[in-house]
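> For the sequence shown, full-length UniProt numbering gives the first residue as 1, with consecutive numbering after it.
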Amino acid sequence: MEIVYHLGVHCTDEDALLRSLRRNAESLASEGVVVPDPARFRPVLREALINLRGSPASAEMQATMLDAVTDEDGTERVIFSNENFFCAPARAITGGRLYPMAGARAGWLRNLFPDAEIEFFISLRNPATLLPALSDRVHDADFNAWLKAGNYDDLRWSDVINALREGAPNAALTVWCNEDAPMIWPELVDRLALVGDGTSLKGRFDILSGLMKPGGVERLESYLASHPVRNAAQRTRIISAFLDKFVRPGAVEMEIDLKGWDENLVARLTDDYERDVDLIRNMDGVTFVAP
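1. Are the beta-carbon atoms of L194 and A106 separated by less than 8 angstroms?
2. Please report the straight-line C-alpha distance between N264 and T129, rounded to a whole angstrom.
3. When you compare each of I161, G95, A25 and L112 to D142 by their alpha carbons, which one comes out closest?
4. On the DSSP letters alone, give me the boundaries of the alpha helix (DSSP H) that L258 sits inside.
5. Which class does S222 belong to by DSSP, given the choice of helix, strand or coil?
6. If you check the beta carbons only, do I118 and I238 fall under 8 angstroms apart?
7. Check this for me: beta carbons of S81 and L173, under 8 angstroms apart or not?
8. So, residue 303 versus V189, is the Cβ gap smaller than 8 angstroms?
9. Who are the near neighbours of I122 in its chain, counting only those whose CB is closer than 6 angstroms to its CB and skipping five residues on each side?
10. Buried or exposed for Y223, please, with buried defined as at least 16 other CB atoms from any protein chain shown within 10 angstroms of its CB.
11. Would the region 277 to 288 count as touching the region 246 to 260 if we require 3 or more Cβ pairs under 8 angstroms?
12. Of the residues D136, A59, L131 and V78, which one's Cα is nearest the Cα of residue 309?
13. Would you mind giving the Cβ-Cβ distance between I93 and W146, rounded to the nearest angstrom? I have them listed as a contact below 8 angstroms.
14. On a Cα-Cα basis, can you pick out the residue from P291, D180 and P100 that is closest to L211?
15. For H227, I'd like the list of residues in its chain whose CB is within less than 8 angstroms of its CB, leaving aside the five on either flank, ordered along the chain.
16. Using a 10 Å radius around the Cβ and a threshold of 16 neighbouring Cβ atoms, would you call G103 buried or exposed?
17. Do L112 and L192 come within 8 angstroms of each other at the CB atom, strictly closer than that value?
18. If I measure Cβ to Cβ from A59 and keep anything under 7 angstroms in the same chain, skipping five residues before and after, which residues do I get?
19. Tell me the rounded alpha-carbon separation between A225 and V78.
20. Determine which residues share a DSSP beta bridge with E187 and list them.
21. Can you check which of these residues, R275, P182, R91 and N51, is closest to R243 by C-alpha distance?
22. So what's A172 in DSSP terms, helix, strand or just coil?
23. Who are the Cβ neighbours of V138 in its own chain at under 7 angstroms, not counting the five residues just before and after it?
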């Protein structure tokens, strides 16, 4: 049994990956891959996490949880997705750090199904755009006070990734940058589903529909149908070319409007993020998906 946790995080795909996978729920189930309804699995996992508090679930409890989230027989792989697996948005940055609870939570999630093979999938986002996005969602006095103080030196995704590896050392770990998601979306869907090359999945281009002008996605799909790609890298180059041609004005831009912020701060945060990503890309035990 393989258990997959897509960890989000907050202000990245907003459940879009889950929706893409859910479009294929029936066909995936026929291959032993189950993508449960979030309304069904999230309360079950939440209650189990609260009750176990990191202790390993018994074989009986594992079976009970699986029975509660799926009616399928012959299940080999189950995909759970929740941006709140670590915490609520208000705690995403605590003590000036990104998700300091990540390591402990990884261990808790791992121990929900200690008899299974565990995989974590996580998206990263540039703090220069993540903080404004969180600010729009979070109305918390401590977070807002920290944001105004302007001490952003400890916002390192590499700390989060190291914590995940320490919290669940035997779990597979796949990482990507949210900024790259439109170009690698088909590969992300395929990697999460882990189906054979001959399986045709819906939703490989869902995220592009909100970024491209009318007809752009259809023309991309038509081109790919008549020009089969040899590998994911070639497909990514084609997607990039179509995005350049059909992108909606302003669709891939974000206006940053936080009091006290200027271009120099945004540039510094972005430079720090890019160096941090380079570090993560070369970490042992990390599968990094990039264009």
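Where a beta carbon is used, it is the ideal one built from N, C-alpha and C, also for glycine. The structure presented is a predicted model; accordingly, all values stated were derived computationally and were not measured.
Quick answer:
1. For the purposes of this step, residue 194 is taken as the residue at position 194 of the sequence shown. For the purposes of this step, residue 106 is taken as the residue at position 106 of the sequence shown. It is not a contact, given that the beta carbons lie outside the stated cut-off.
2. Position 264 of the sequence shown, counting from 1, holds the residue named residue 264. Position 129 of the sequence shown, counting from 1, holds the residue named residue 129. Roughly 14 angstroms between the two C-alpha positions.
3. As a first step, residue 142 must be located in the sequence shown, where it is residue number 142. Ranking I161, G95, A25 and L112 by Cα distance to D142 puts G95 first.
4. Indexing the sequence shown from 1 puts residue 258 at position 258. Careful: L258 lies outside any alpha helix (DSSP H) and carries neither H nor E.
5. The sequence position of residue 222 within the sequence shown is 222, counting from 1. Reduced to three states, the DSSP call for S222 is helix.
6. One-based indexing of the sequence shown puts residue 118 at position 118. One-based indexing of the sequence shown puts residue 238 at position 238. Cβ atoms of I118 and I238: not closer than 8 angstroms.
7. Position 81 of the sequence shown holds residue 81. Position 173 of the sequence shown holds residue 173. L173 is positioned such that its CB atom lies no closer than 8 angstroms to that of S81.
8. A question about residue 303 goes unanswered here, because the residues of the chain that appear run from 1 up to 291.
9. Residue numbering aside, residue 122 sits at position 122 when the sequence shown is read from its first letter. L7 and V175.
10. Within the sequence shown, the letter at position 223 stands for residue 223. Exposed is the call here.
11. no
12. Given a span of 1 to 291 for the chain in the structure shown, any question on residue 309 remains unanswerable.
13. In the sequence shown, the residue the question calls residue 93 occupies position 93. In the sequence shown, the residue the question calls residue 146 occupies position 146. Contact holds; Cβ gap of about 7 angstroms.
14. Residue numbering aside, residue 211 sits at position 211 when the sequence shown is read from its first letter. The alpha carbon of L211 has as its nearest neighbour, out of P291, D180 and P100, the alpha carbon of D180.
15. Residue mapping note: residue 227 aligns to position 227 of the sequence shown, counting from 1. Same-chain partners within the cutoff: I238.
16. To locate residue 103, count along the sequence shown from 1; it is residue 103. Answer is buried; the Cβ neighbour count reaches 16.
17. The residue labelled residue 192 in the question sits at position 192 within the sequence shown. The residue labelled residue 112 in the question sits at position 112 within the sequence shown. In this structure, L112 does not lie closer than 8 angstroms to L192 by Cβ.
18. To locate residue 59, count along the sequence shown from 1; it is residue 59. If we look at A59 and ignore the five residues flanking it on each side, its Cβ neighbours are D115.
19. Reading the sequence shown from its first residue, position 225 is the one you call residue 225. Reading the sequence shown from its first residue, position 78 is the one you call residue 78. Approximately 30 angstroms between the Cα atoms of the pair.
20. Start at 1 with the first residue of the sequence shown, and residue 187 comes out as number 187. Paired residue(s): none; E187 is not in a bridge.
21. Your numbering for residue 243 matches position 243 in the sequence shown. Checking the sequence shown, residue 243 turns out to be Leu, not Arg. Of the listed residues, the one whose Cα sits closest to L243 is P182.
22. For the purposes of this step, residue 172 is identified with residue 172 of the sequence shown, where counting begins at 1. Reduced to three states, the DSSP call for A172 is strand.
23. Numbered from 1 along the sequence shown, position 138 holds the residue referred to as residue 138. The residues are P89 and A90.
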